[in-house]
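Residue 10 is where the sequence shown starts when you use the numbering used here, and the numbers rise one by one after that. The structure appears right after this line, and notes come after that.
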Amino acid sequence: MSALLASAGRRAAHLVVVLLLVTAAATALIGLMPGDPAITILGPTATPEQIAAFNAAHGYDRSLPAQYWQWLSGAVTGDLGDSIHSERPVTATLLERLPVTLELTVLALLLSLAAAVPLAVVAAARAGGALDRVLSKAASGLLAVPIFVLGVLLVYVFAVTTGWFPVAGWAPLSAGLGANLHYVVLPVLALALAEFPAFYRLVRGDVISTLRADFVRTATVRGLPRRYVLLRHVLRPSSLPLVTVAAVTFGRLLAGSIVVESLFGLPGLGGLALQAVPSKDIPVIQGIVVLVAVVYVLINALVDMSYAVLDPRMRS
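In structure tokens, the structure reads:
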């Protein structure tokens with residue numbers, strides 16, 4: 010019990026240090042961005058008096074450490090400030106946008122894993138065969154296609170040509186599951202196709218390597234069914250790197266869905282970041298950075314704990 014509490018304490022301390030470093034770096038980088046937030050918001054015709062009043066009201070006339078301390082003092086109480094563009098609380102804005110990006114991320118990750126893992130196992134079990142060659146070439150082809158090209162192709166085929174799905178837009182889950190899925194299919198498919206090659210190549214390589222191990226040959230000689238050997242003795246050792254890559258992919262999808270959300274007109278965090286950066290909406294940018302950093306650290310902690318479940322040798 011004491012070891013568990015000590016581990017939880019170390020993870021909490023790690024989370025705090027990472028958040029301080031990330032948010033401080035974000036504040037410094039935002040301060041180095043060209044342009045003045047006051048001029049961006051007030052327009053090029055703003056007078057020096059109006060610019061000075063704006064900077065004083067938002068604390069931008071202070072040094073970067075002072076600005077960071079002011080922001081941090083509010084952030085520890087859950088107050089991430091107000092958007093200088095919409096003047097709405099950043100925390101409320103993030104909570105409105107998060108479900109859209111979270112749904113895209115989870116569905117895309119599950120779909121890519123559901124397609125890549127079984128196909129990679131089957132291909133590895135028949136390495137060098139026709140199916141393996143076709144799937145490997147398809148994965149390599151997908152790896153070379155940028156995600157915005159995938160999105161445009163999906164829109165052209167399944168929205169413009171056939172009319173099966175809308176070109177853009179969003180329906181929340183509160184509007185009904187059918188309406189929600191109608192809008193979410195194409196963006197999720199674009200993200201899943203982009204992530205499929207990495208999972209496929211990882212699992213295929215690990216399975217081929219594990220199939221050559223002595224304990225797998227022993228299990229095969231003992232007459233165990235091929236499917237049992239693949240699932241029990243081959244796929245399970247390959248699950249550790251797969252979990253790590255899936256966790257990193259989740260964080261990347263959460264933070265990097267800007268292209269897909271922009272292409273399909275989705276009201277998620279990616280679209281919010283796309284609006285906040287050029288308008289120098291500093292509180293919103295800092296809020297997104299904090300949110301993504303928290304998710305990254307929490308996911309890494311969950312991955313570490315999952316190792317003990319997947320591999321009993323790590324429990325000690």
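Positions of the beta carbon are idealized from the N, C-alpha and C atoms, including for glycine.
Practice task
Taking Ala222 as part of the alpha helix (DSSP H), name the residues at either end of that continuous run.
Solution key: Careful: Ala222 lies outside any alpha helix (DSSP H) and carries neither H nor E.
Handout entry: the segment 274-281 touching the segment 164-180, judged by at least three CB pairs closer than 8 Å
Key = yes
Problem - Three-way DSSP call (helix, strand, coil) for Thr215 in this model - result: According to the sequence shown, residue 215 is Asp rather than Thr. Reduced to three states, the DSSP call for Asp215 is helix.
Exercise for the section: Evaluate Asp141 with the Cβ neighbour count: other Cβ atoms within 10 Å of its Cβ, from every protein chain shown; 16 or more gives buried, anything less gives exposed. Expected result: buried
Practice task
Classify Pro98 as helix, strand or coil using the three-state DSSP reduction.
Solution key: strand
Problem - At least 3 beta-carbon pairs within less than 8 Å: the segment 14-34 vs the segment 299-313 - result: yes
Exercise for the section: With DSSP as the reference, please indicate the residues paired to Asp313 in a beta bridge. Expected result: Bridge partners of Asp313: none, in fact.
Problem - Sufficient close CB pairs (3 or more, under 8 Å) joining the segment 290-299 to the segment 186-202 - result: no
Exercise for the section: Return the Cβ separation of Val216 and Ala133 in integer angstroms, given the expectation that the two are a contact with Cβ distance under 8 Å. Expected result: 4 Å
Problem - Host alpha helix (DSSP H) of Phe63 (start-end) - result: 57-67
Practice task
Return the residue from the list Leu103, Ile48, Leu104 that minimises the CA-CA distance to Pro287.
Solution key: Ile48
Practice task
Mind the definition here: the segment 248-265 touches the segment 104-118 only if three or more C-beta pairs lie below 8 Å; say whether that holds.
Solution key: yes
Problem - Boundaries (first-last residue) of the alpha helix (DSSP H) holding Tyr165 - result: Note, Tyr165: premise wrong, no alpha helix (DSSP H); not H, not E.
Practice task
Taking the CB atoms as reference points, tell me whether Leu120 and Leu198 lie closer together than 9 Å.
Solution key: yes
Handout entry: Which listed residue (Leu211, Val238, Trp80) has its alpha carbon closest to that of Asp223
Key = Val238
Problem - Cβ-based neighbour list, His242, same chain, cut-off 6 Å, excluding 5 preceding and 5 following - result: Val225, Ala228
Exercise for the section: Identify, in the order they occur along the chain, each residue of the same chain with its Cβ nearer than 6 Å to the Cβ of Pro206, setting aside the five sequence neighbours on each side. Expected result: Ala148, Leu151, Leu152
Practice task
Out of Leu81, Thr219, Leu107, state which residue places its alpha-carbon closest to the alpha-carbon of Val304.
Solution key: Leu107
Practice task
Assuming Val299 and Leu28 form a contact by the criterion Cβ under 8 Å, report the distance between their Cβ atoms to the nearest whole angstrom.
Solution key: 7 Å
Exercise for the section: Hey, could you find the ends of the alpha helix (DSSP H) Asp141 is sitting in? Expected result: 139-152
Problem - Check whether Val109 and Pro181 have beta carbons under 9 Å apart - result: yes
Handout entry: Strand pairing of Asp91, partner residues [DSSP]
Key = Pro98
Handout entry: Sub-9 Å separation of Gly280 and Val99 beta-carbons
Key = no
Problem - Rounded Cβ spacing between Leu159 and Leu211 (contact assumed at less than 8 Å) - result: Actually they do not touch by this definition, with Cβ atoms about 20 Å apart.
Handout entry: C-alpha distance - Ala34 paired with Phe259, whole-angstrom precision
Key = 22 Å
Problem - Beta carbon of Gly87 nearer than 9 Å to that of Gln79 - result: no
Handout entry: Reduced DSSP secondary structure (H/G/I, E/B, other) of Pro175
Key = coil
Exercise for the section: Answer yes or no: do Gly156 and Ala203 have a C-beta to C-beta separation smaller than 9 Å? Expected result: Note that residue 156 corresponds to Ile in the displayed sequence, not to Gly. Yes, these two residues count as a Cβ contact at 9 Å.
Exercise for the section: Identify whether Arg231 lies in helix, strand or coil by the three-state DSSP scheme. Expected result: coil
Handout entry: Test item: CB-CB of Leu118 and Tyr209 under 9 Å
Key = no
Problem - Unbroken alpha helix (DSSP H) run spanning Ser82, endpoints - result: 73-84
Handout entry: Inter-residue CB distance, Pro57 and Ile93 (contact presumed, cutoff 8 Å)
Key = No, Pro57 and Ile93 are not in contact; Cβ-Cβ is about 19 Å, not under 8 Å.
Exercise for the section: Check Ser247 in the structure and name its three-state DSSP category. Expected result: helix
Exercise for the section: For Arg236, count neighbouring Cβ atoms within 10 angstroms of its own Cβ and tell me buried if that reaches 16, exposed if not. Expected result: exposed
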